[in-house]
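This report concerns only the one structure given below.
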Ligand SMILES: Cc1cc2nc3c(=O)[nH]c(=O)nc-3n(C[C@H](O)[C@H](O)[C@H](O)COP(=O)(O)O)c2cc1C
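Numbering (the working numbering), first residue to last: 6 to 225.
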């Protein structure tokens, strides 16, 4: 392995961000270089889901976790449009995903579109103005939701691969709301149910080391 690469979890990551190789599914657990809460490491994004049932109550627990995220002015720009497997919205939601994502995410138990409010009425103002941090804030909410899901034994997989026009149609997002991302939620299924090309990618991936993503004062 070249000197500028760092082995962590299932991959070797190099300074340029290149992934040298991915190791097979779950050959080893993720290892943190600094002490962190264990369930942060337990979260990863599978593509094999078991198509089991998820209840609205379970989904609400995820939204509950998400809503405690911080946001600029506590404006809470996140919105969660959801469909449970087999309900009246399910097929429409699947149809808004890019075909590759639809091929595996259609086995999830729930599909979400996370929307963000593009406009904000800041304290002391009466007119809405463009919100500069709505996407950032919605991302924070997604992070909390994903960790809460892990804690419940559920898996999540975010997807940027969707048709934004179709997603806005099926969710009735309207002009004010941006559809940020789609998310598949469910319980992990058998790896063997995936096409061969995806089987070797089914497992926890690595990360850049802390010393490459943080700097004191000035970027090196
Ligand atoms: C905003 C966002 C968009 C993503 N889009 C896709 C996607 O369209 N299809 C896909 O298979 N995975 C997608 N992913 C999953 C990432 O590839 C995955 O999170 C990343 O490789 C890290 O792996 P981990 O989540 O298992 O730790 C996306 C993740 C995020 C956060």
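We treat Cβ as the ideally placed atom computed from N, Cα and C, and that holds for glycine.
Quantities reported herein were computed from a predicted structural model and do not represent experimental measurements.
Quick check: what's the CA-CA separation for residue 81 versus residue 72? By one-based count along the chain shown, residue 81 stands at place 76. By one-based count along the chain shown, residue 72 stands at place 67. Answer to the nearest angstrom: the Cα atoms are 7 angstroms apart.
Just to check, is the beta-carbon of residue 205 closer than 7 angstroms to a non-hydrogen atom of ligand 1? Within the chain shown, the letter at position 200 stands for residue 205. Checking the Cβ of residue 205 against ligand 1 gives no.
Return helix, strand or coil for residue 97, following the three-state DSSP convention. To locate residue 97, count along the chain shown from 1; it is residue 92. Correct three-state label for residue 97: helix.
In angstroms, rounded to a whole number, what distance separates the CA positions of residue 59 and residue 224? The residue you call residue 59 lines up with position 54 of the chain shown. The residue you call residue 224 lines up with position 219 of the chain shown. If I take the Cα positions, the gap works out to 45 angstroms.
Any chance the CB of residue 200 is under 7 angstroms from a heavy atom of ligand 1? One-based indexing of the chain shown puts residue 200 at position 195. No, since every heavy atom of ligand 1 falls outside the 7 angstroms radius drawn around the Cβ of residue 200.
Reduced DSSP secondary structure (H/G/I, E/B, other) of residue 108: Sequence index remark: in the chain shown, residue 108 carries index 103 (1-based). Three-state result, residue 108: helix.
Please classify residue 18: does DSSP put it in a helix, a strand, or coil? On the chain shown, residue 18 is found 13 positions in, with the first residue counted as 1. Note that residue 18 has pLDDT 46, beneath the 50 cutoff, so the model's placement of it is unreliable and the number below is only indicative. Three-state result, residue 18: strand.
Is any non-hydrogen atom of ligand 1 found closer than 7 angstroms to the C-beta of residue 192, if you look at the structure I gave you? Locating residue 192 in the chain shown gives position 187, counting from the first residue. Incorrect: residue 192 has no Cβ contact closer than 7 angstroms to ligand 1.
At a threshold of 7 angstroms, does residue 148 count as lining ligand 1 (C-beta to nearest heavy atom)? For the purposes of this step, residue 148 is taken as the residue at position 143 of the chain shown. Checking every heavy atom of ligand 1 against the Cβ of residue 148, none is found closer than 7 angstroms.
Nearest by alpha-carbon distance to residue 174: which of 102, 48, 49 and 67 is it? Stepping through the chain shown from its first residue, residue 174 is reached at position 169. Of the listed residues, the one whose Cα sits closest to residue 174 is 102.
Three or more beta-carbon pairs under 8 angstroms between the region 37-48 and the region 117-127, yes or no? no
Would you be able to state if there are at least three C-beta pairs under 8 angstroms between the region 45-55 and the region 154-170? yes
Suppose only complete runs of 4+ residues qualify. What are the alpha helix (DSSP H) ranges in the region 52-99, listed by chain order? 61-72
Please look up how many angstroms separate the CB atoms of residue 67 and residue 150, rounded, as I've assumed it's under 8 angstroms. The residue you call residue 67 lines up with position 62 of the chain shown. The residue you call residue 150 lines up with position 145 of the chain shown. Confirmed, Cβ separation roughly 5 angstroms.
Could you check how far apart the C-beta atoms of residue 108 and residue 192 are, in whole angstroms? I think they sit under 8 angstroms. Residue mapping note: residue 108 aligns to position 103 of the chain shown, counting from 1. Residue mapping note: residue 192 aligns to position 187 of the chain shown, counting from 1. No, residue 108 and residue 192 are not in contact; Cβ-Cβ is about 18 angstroms, not under 8 angstroms.
Within 10 angstroms of the Cβ of residue 90, are there 16 or more other Cβ atoms? Answer buried if so, exposed if not. The count along the chain shown starts at 1 and reaches residue 90 at position 85. It is buried - the Cβ of residue 90 has at least 16 other Cβ atoms within 10 Å.
Give the straight-line distance between the Cα atoms of residue 221 and residue 214, rounded to the nearest whole angstrom. Position 216 of the chain shown holds residue 221. Position 209 of the chain shown holds residue 214. C-alpha separation (whole angstroms): 15 angstroms.
Nearest-angstrom Cα separation, counted from residue 206 out to residue 200: For the purposes of this step, residue 200 is taken as residue 195 along the chain shown, with counting starting at 1. For the purposes of this step, residue 206 is taken as residue 201 along the chain shown, with counting starting at 1. Straight-line Cα distance between these residues: approximately 11 angstroms.
Drop a sphere of 10 angstroms on the beta-carbon of residue 156, count the other beta-carbons inside from all chains shown, and report buried for 16 or more, exposed for fewer. Position 151 of the chain shown, counted from the first residue, corresponds to residue 156. It counts as exposed.
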